[in-house]
Each structure stands twice: as C-alpha cells, then as structure tokens.
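In our numbering, the protein residues as written are 20 to 193.
Put into structure tokens, the structure is as follows:
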C-alpha cells in the first residue's frame, strides 16, 4: 500500500515472490483492492479494481482450451507468438482467482464483485463451455447466484442446473 501511495502503482516485490511463489498479478490486485477498501484508500481500491477487471478481460479474450489442461511449462512458451497453452494458463489463473475474490468480498454490492459479474456476463457464451467455470458457479458461495441475479436484472430469467457428464444441457429464456 505504501508503494502505491508513493508511486501511484504497485508491483510484485522480490520478497513477496519468495514468500508466495504461486501468487499472480490477479491475486495482487485482489489484495490491493481489499487493503484499499479496508483502510479507506479509495484511490488504491479503484486502481486495483480497474487493473483486475482489465486483466480479466484480456485473459478471457485469449484463445484457450475449454478443459483448461495446462500440461506444458507456460514460462517456456514464446511470448511473441502465444499459443492455446498460454491462453489456457492465463484463463485458468483468472478463473481460480474468482474463488479468492468471492471468498473475501462481502456481497454483490461490492464494487469489484459487481464489475467482475459484468465482465463474466459479457464472456458468458464462452465460459459456459468451460467445465471448471461450472464447478465455480456451483461451489463458490454466491458466485452462481450473483450471475443469475445480474442476468435477471437485465430481464433474463435464468435457472442453472447440473447435468450428468455426457448429457446435453439446455438453455431456455423466458
């Protein structure tokens, strides 16, 4: 937080990388948002929210495998010609960050949560084909309900349900 107050931005610090080697920029944006909210630093919270949503949007615009199978070393991929494996790793990291976000924000009225729901709605036609996204909607408290409610606010009556593997689901609009 002090780095942000001094410089107007923040980055992953070497000590942070050593202590939390699997942390991503998405995780850092969530933590910065939570700190900005908790300590009443709206500039930090707003900056972190915008950065998280922008990174999430960029992630969901990549080419990725719906099964989120990341079997190659992503760090060994060509950054100038990213392929499906790179996009898959990026999308997987974003979707995994949703659990942290929903677990640490109070309700649908939270600013970051509300912006992320709008982002997810925008990419929903792709996300419904991702089994892990279905798992998140079922198992992360309030995530599925928040998306259903937001679609309802848009005038779409949506009911989600599970189907057995190999069966076809259905989408009905009323």
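Where a beta carbon is used, it is the ideal one built from N, C-alpha and C, also for glycine. Predicted, not measured: the structure shown is a model, and the values here were computed from it.
Worksheet item: When you compare only the Cα positions, how much space is there between residue 6 and residue 138?
Response: Since the first residue of the chain shown is 20 and the last is 193, residue 6 is not available in this structure.
Worksheet item: Counting pairs of beta carbons, one from the region 102-112 and one from the region 79-86, are three or more of them closer than 8 Å?
Response: Short answer: they touch.
Discussion item. Going by DSSP in three states, residue 32 sits in which element: helix, strand or coil?
Written reply: Secondary structure of residue 32 (DSSP, three-state): coil.
Worksheet entry | Every unbroken alpha helix (DSSP H) inside the region 139-174 [4 residues or more] | Taking only runs of at least 4 residues, the alpha helix (DSSP H) segments lying wholly in the region 139-174 are 143-146, 150-158 and 162-172.
Practice prompt. Starting from the Cα of residue 135, find the closest Cα among 163, 39, 58 and 22 and give me that residue.
Written response: Of the candidates 163, 39, 58 and 22, the one whose C-alpha sits nearest the C-alpha of residue 135 is 163.
Discussion item. Given a cut-off of 8 Å on the beta-carbon distance, is the pair residue 200 and residue 23 in contact?
Written reply: Since the first and last residues shown for the chain are 20 and 193, residue 200 lies out of range.
Worksheet item: If you draw a straight line from the C-alpha of residue 46 to the C-alpha of residue 77, how long is it?
Response: Their Cα atoms are separated by approximately 16 Å.
Discussion item. Quick check: is any heavy atom of the ligand NAP less than 7 Å from the C-beta of residue 132?
Written reply: For the structure depicted, the ligand NAP is absent and the ligand set is empty, with no information on it obtainable.
Fill in: Other residues of its chain near residue 194: CB distance less than 8 Å, five sequence neighbours each side excluded
There is no way to answer for residue 194, as the model of the chain reaches only from 20 to 193.
Item to complete: Give every residue of the same chain whose Cβ lies closer than 8 Å to the Cβ of residue 49, excluding the five residues on either side of it in the sequence, and list them in chain order.
Response: If the five residues before and after residue 49 are omitted, its C-beta is found closer than 8 Å to the C-beta atoms of 67, 71, 116, 119, 120, 123 and 131, all from its own chain and listed in chain order.
Worksheet entry | Backbone secondary structure at residue 127 - three-state DSSP | The answer is coil: DSSP assigns residue 127 none of H, G, I, E or B.
Worksheet entry | Delimiting residues of the alpha helix (DSSP H) encompassing residue 178 | Where residue 178 is concerned, there is no enclosing alpha helix (DSSP H), given that its DSSP letter is neither H nor E.
Item to complete: Answer yes or no: does any C-beta atom of chain B fall closer than 8 Å to that of residue 62?
Response: Of the protein chains in this structure there is only one, and it is not chain B.
Practice prompt. Would you mind stating whether residue 53 and residue 142 have Cβ atoms separated by less than 8 Å?
Written response: When the beta-carbon positions are compared, residue 53 and residue 142 stay at least 8 Å from each other.
Worksheet item: In or out: residue 58 buried (at least 16 other Cβ within 10 Å) or exposed?
Response: By the neighbour-count rule (16 or more Cβ atoms within 10 Å), residue 58 is not buried but exposed.
Worksheet entry | Beta-carbon proximity of residue 56 to residue 87, cut-off 8 Å | Going by C-beta atoms, residue 56 is not nearer than 8 Å to residue 87.
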